[in-house]
Every structure is written in C-alpha cells, then in structure tokens.
Ligand SMILES: NC(=O)c1ccc[n+]([C@@H]2O[C@H](COP(=O)([O-])OP(=O)(O)OC[C@H]3O[C@@H](n4cnc5c(N)ncnc54)[C@H](O)[C@@H]3O)[C@@H](O)[C@H]2O)c1
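Residue numbers (my numbering): 3 to 367.
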C-alpha cells in the first residue's frame, strides 16, 4: 500500500449516504480519491461510479477488499451490516470509516473495536456533527469560556421519515428515530462536553404517525446527565413535516447560543412554480421554502472525510472513533430500556444477548 499521495478509498453502498461520501471526496480532493465502489444492486454502483468518475465497480464488497491499493473503506450500508463489514475491512488490513449508528449490539461494538486494534487499522466513526462548521464554532465558544459553566446542551434532528425502506424495518435498522438520529445527538452532546462520562439516561418515545409502516418509534425525547454536572436534551423525530431540521442550543452560567443548521442558514424562498432542490427530505418546492446551499459543506461531510484521510496519512489523530460509537451504542440501549420502564437508567448499562437496541423498549430480549 502506498503511504504517500492521495489516500485510495473504496465505498460500500451506492445510494443516499454513499453519494454523500463520493461527493465529499470530490469537494475536498486534496487528501483522497475514491477508486472503487461496491454495492449489490445491478446498475446502482455503476451509476454512482459514472456520476463521480470512480474507475472500479464491484457487486460484492469482499471482492473490492482484495484490491491491494485501497487503503480506507467507508461503509454506507444499512446498520445491520456495519459490524461484519468493519471486521472484514479490518481483516483485509484497510482503515475503516463506519457510518452511524455504529452497529446493532454492544457485543458487535466490542468485536469491531478489538478487530481494528488487533489488525492495526484506524476505526473512524462517521459522526459529521463533530465537523459541522456552525456547531464546531459553538464548541469553540464554549471551550473559550464564552458561556461560563455550560449546564445544558440541546440537539435535535427532525424530518418526516427516512428515504429507504430498510430504516422502517427494525430487524435491519435496530430501532426507529432514536437509533437513526438520536445517535447523532448523543454523540454530539458527549463530544460537546469533552467526553465527560455519561451518568444516566432517561427517554420517552412513541410511534405517533407512522405506526402503519413500522414498529419503530417516530418521536423521542432523551435526557442525559454527565459526570461534569452538565445535562443534555436530545429530541428526534420522523414525524415532523417540512424537510430536515437540525439545531442546537447551549446554555451556561454566563451565556448561551442558538445554532439552527438549515432554517437559520437558508434562503427564505417563495415560488409559485417550484424548483429543483430545497433541502434534504423537503416534500415540496412550491410556496414558502427554506432553500439550502452548500448543504454538504454546512454539515461538515467533506471536512470529515478529508480529516479521516489525513488520519490515514498520520497527519491528524482521529476525532471520531469506534470507541465514540460504542459509547453511543450503550446510551441507545439505556434509552430504549428507560422508555420501556419509565425510569432513569444509570450507566454502565451493558445487558448481554440483546439482538437489537429497540428490543429493550419492546421488552423482547
Ligand atoms: N451521517 C449521516 O447523517 C447519515 C445520513 C444518512 C444515512 N446514514 C447512514 O448510512 C448508512 C446507509 O444509509 P443510506 O441512507 O445510504 O441507505 P440507502 O438505503 O440509501 O443505501 C444503502 C446502500 O447499501 C447497499 N447495500 C445493502 N446491502 C449491501 C451489502 N450486502 N453489501 C454492500 N452494500 C449493500 C445498498 O445496495 C445501498 O446502496 C446507514 O447506516 C445510515 O444510518 C448516515
């Protein structure tokens, strides 16, 4: 494997998030180049390859892992496949970038971390909120002392539900919106409090709008207490109309900040005729809309992928790791448990033999 020049990347998956990975490497092309894509559906990886000029296409990712020059592989496949893919990538001697949420179970998380350690490869966790420029700025202010002692961090992410059918199937996703987007808020608040250990988790959740198509919850509230005395409130929804909403609020003894990622940045547009792209998951482009621009950059995806490539070259230390993903996984378990019992769950909370986090809400483990 080369250890200079651009990092050679393979992508697993060819749809929504794989497109974001490929586009991100194109936006910041200095550090890495995508040389291969692997995804099973005939025509899909070919289409991604055509769009982004990716030279090699595979339908079985294991074949792609045999390519000697590939140094880093990003996983943009459904959640239930993350663990096996991570282990296969690590055993092929390649660095891993795994999408959120890390996996289905804590046993898998342990095995993923251990295999990467054993094989001496980096295990990077694709939590782009650690790279979202507006949120990075908020954290800088907090770290500079702008807000005094921070006592409450809020993060929320809401839209009307995911684009692909597997998200709704808890066997493949592991849970509903808490698993899908709560994982962002948990990671974000943990990172914002400089990884102060999480003491307790309280969650309320329900399936309010989409009960006809999923057993998964579509609206959640989650409160975390941290050892440093800080509190987090994380709200997530698949039941909110109007396209993607992602925002934070930070409160401290000496100040506060509000950062609204999409609506706060957007062009406020009125169109009788409609137009092309509004924002992720927007249902319409007519009437009043919040028109996004530089969406991937504002989320931090290109910066995240460039950082991971720099880590492969030893220029930076990973800022988002499999260990972070494992912390989030434990909070997901605790959150579902809390939603079932109605009680606060103290960490550590590591029940064995759980098949998927949402089973703790169903009481089915
Ligand atoms: N960071 C973020 O904000 C963000 C946003 C969206 C999705 N994601 C995550 O990315 C992952 C993928 O989600 P998505 O929205 O792209 O889903 P998607 O359904 O749009 O795409 C999934 C892709 O995985 C491929 N796939 C399925 N089985 C496979 C296999 N055995 N081998 C190789 N590829 C296989 C599918 O063919 C498809 O190309 C999920 O874990 C999701 O949580 C993260």
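Note that beta-carbon positions come from the ideal geometry of N, C-alpha and C, so glycine has one too.
Through-space distance from residue j to residue i, alpha-carbon basis
| i | j | result |
| --- | --- | --- |
| residue 91 | residue 329 | 22 Å |
| residue 257 | residue 148 | 7 Å |
| residue 217 | residue 140 | 36 Å |
| residue 277 | residue 287 | 6 Å |
| residue 174 | residue 63 | 18 Å |
| residue 192 | residue 28 | 30 Å |
| residue 222 | residue 314 | 36 Å |
| residue 195 | residue 48 | 42 Å |
| residue 285 | residue 243 | 8 Å |
| residue 180 | residue 220 | 8 Å |
| residue 6 | residue 259 | 41 Å |
| residue 266 | residue 355 | 43 Å |
| residue 201 | residue 44 | 47 Å |
| residue 60 | residue 120 | 27 Å |
| residue 55 | residue 25 | 11 Å |
| residue 353 | residue 164 | 29 Å |
| residue 46 | residue 88 | 22 Å |
| residue 344 | residue 206 | 7 Å |
| residue 308 | residue 299 | 12 Å |
| residue 236 | residue 190 | 10 Å |
| residue 316 | residue 114 | 21 Å |
| residue 367 | residue 358 | 8 Å |
| residue 53 | residue 122 | 33 Å |
| residue 146 | residue 263 | 22 Å |
Minimum C-alpha distance to residue i - residue among the options
| i | options | result |
| --- | --- | --- |
| residue 31 | 144, 75 and 311 | 311 |
| residue 65 | 155, 12 and 290 | 12 |
| residue 272 | 17, 347, 254 and 291 | 291 |
| residue 69 | 42, 314, 10 and 131 | 10 |
| residue 318 | 206, 72 and 126 | 126 |
| residue 157 | 124, 252 and 176 | 252 |
| residue 338 | 89, 78 and 107 | 107 |
| residue 16 | 331, 280, 78 and 129 | 78 |
| residue 169 | 240, 119, 21 and 109 | 240 |
| residue 208 | 364, 40 and 41 | 364 |
| residue 321 | 130, 227 and 95 | 130 |
| residue 203 | 213, 234 and 153 | 234 |
| residue 228 | 81, 153 and 185 | 153 |
| residue 73 | 164, 109, 35 and 293 | 35 |
| residue 325 | 172, 142 and 109 | 109 |
| residue 171 | 213, 279, 344 and 189 | 213 |
| residue 185 | 211, 225, 166 and 151 | 225 |
| residue 166 | 112, 215, 151 and 150 | 215 |
| residue 268 | 294, 143 and 145 | 294 |
| residue 144 | 96, 210, 342 and 232 | 232 |
Cβ shell of residue i (< 7 Å), same chain only, five flanking positions each side left out
| i | result |
| --- | --- |
| residue 183 | 159 and 238 |
| residue 261 | 136, 137, 140, 249 and 250 |
| residue 230 | 195 and 198 |
| residue 33 | 8, 9, 308, 311 and 312 |
Proximal residues to residue i (C-beta, below 8 Å), its chain only, five neighbours per side dropped
| i | result |
| --- | --- |
| residue 57 | 37, 38 and 51 |
| residue 19 | 78 and 101 |
| residue 349 | 199, 200, 201, 202, 203, 332, 333 and 336 |
| residue 118 | 88, 92, 98, 124, 125 and 324 |
Range of the contiguous alpha helix (DSSP H) that encloses residue i
| i | result |
| --- | --- |
| residue 242 | Neither: residue 242 is in no alpha helix (DSSP H) and is coded neither H nor E. |
| residue 175 | 172-175 |
| residue 272 | Taken as a continuous stretch (DSSP letters only), residue 272 belongs to no alpha helix (DSSP H), being part of the beta strand (DSSP E) at 269-273. |
| residue 46 | 46-54 |
| residue 21 | 18-29 |
| residue 64 | 63-66 |
| residue 168 | Run containing residue 168: none; DSSP gives neither H nor E here. |
| residue 291 | Counting along the chain, residue 291 falls outside any alpha helix (DSSP H), though it belongs to the beta strand (DSSP E) covering 289-293. |
| residue 120 | 108-121 |
| residue 330 | 324-343 |
| residue 371 | Residue 371 lies beyond the range of the chain shown here (3 to 367); nothing can be said about it. |
| residue 84 | 84-93 |
| residue 189 | 185-194 |
| residue 247 | Run containing residue 247: none in the alpha helix (DSSP H); it sits in the beta strand (DSSP E), 247-254. |
Where the beta strand (DSSP E) through residue i begins and ends
| i | result |
| --- | --- |
| residue 205 | 200-208 |
| residue 225 | 221-228 |
| residue 128 | 125-128 |
| residue 314 | It is not in any beta strand (DSSP E) - residue 314 instead sits in the alpha helix (DSSP H) that spans 303-314. |
| residue 265 | From DSSP, residue 265 is part of no beta strand (DSSP E); its letter is neither H nor E. |
Contacts around residue i, its chain only, beta-carbon distance under 6 Å, and the 5 residues preceding and following it disregarded
| i | result |
| --- | --- |
| residue 283 | 161, 245 and 246 |
| residue 133 | 302, 305 and 306 |
| residue 76 | 13, 23 and 99 |
| residue 327 | 104 and 127 |
| residue 80 | 168 and 174 |
| residue 188 | 330 and 333 |
| residue 360 | 172, 177 and 338 |
| residue 82 | 106 and 174 |
Inter-residue CB distance, residue i and residue j (contact presumed, cutoff 8 Å)
| i | j | result |
| --- | --- | --- |
| residue 67 | residue 94 | 4 Å |
| residue 281 | residue 296 | Residue 281 to residue 296, Cβ: 12 Å. No contact. |
| residue 151 | residue 41 | Contact flag wrong, Cβ pair sits at about 47 Å. |
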